[in-house]
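Visitor: My questions will all concern the structure given below.
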Amino acid sequence: MSEVIASHGANVHLSFTPSLSEQYVKGLEVQKNFLRDWGYIKHDFDIQDWIDPAPLQRAAQLVKQQPEFTTFEAAQAA
Numbered sequence: 004m005s006e007v008i009a010s011h012g013a014n015v016h017l018s019f020t021p022s023l024s025e026q027y028v029k030g031l032e033v034q035k036n037f038l039r040d041w042g043y044i045k046h047d048f049d050i051q052d053w054i055d056p057a058p059l060q061r062a063a064q065l066v067k068q069q070p071e072f073t074t075f076e077a078a079q080a081a
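First residue of the sequence shown? That's 4 in the numbering used here, and the numbers climb one at a time after it.
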C-alpha cells in the first residue's frame, strides 16, 4: 500500500470512481487476456457477458442518498 500512496498521493482513494466506462472495461479485458494467455484462466469468456452492472448501479444510488459520501469530481469542485 505504501507504494500506491508514494506514487499516487495520500488522497488516492478520492481519485478513483469505479465505473464500467469503455476504458475500464477494455483494461479489464486486457488483464483477462493476459491471464488466459499465461494459463491462469483455462476457459475464455466474453468480458461484456461476464460484467453485471447492477451492483455498481446500486452502489451509485446509495452514494447519492448519503450526503457524507462524495465523489472525486465533487471533492474537486468544492
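Every residue, glycine too, gets a C-beta built ideally from N, C-alpha and C.
(1) Where does Leu59 sit, in a helix, a strand or coil, going by DSSP?
(2) Taking only the alpha-carbon atoms, compute the straight-line gap between Gln69 and Ile44 and give it to the nearest angstrom.
(3) So, Ser5 versus His11, is the Cβ gap smaller than 8 Å?
(4) Check the C-beta distance from Ile50 over to Val28 and give it rounded, since I have them as a contact under 8 Å.
(5) Contact check, Pro56 vs Leu23 under 8 Å by CB: the rounded distance?
(6) Tell me the rounded alpha-carbon separation between Gln34 and Ala9.
Guide: So, from the data block:
(1) Note: Leu59 maps to helix in three-state DSSP.
(2) Looking at the backbone, the Cα of Gln69 and that of Ile44 are separated by about 38 Å.
(3) No, these two residues do not count as a Cβ contact at 8 Å.
(4) Right, their Cβ atoms sit about 6 Å apart.
(5) Indeed they touch by this definition, with Cβ atoms about 6 Å apart.
(6) About 24 Å.
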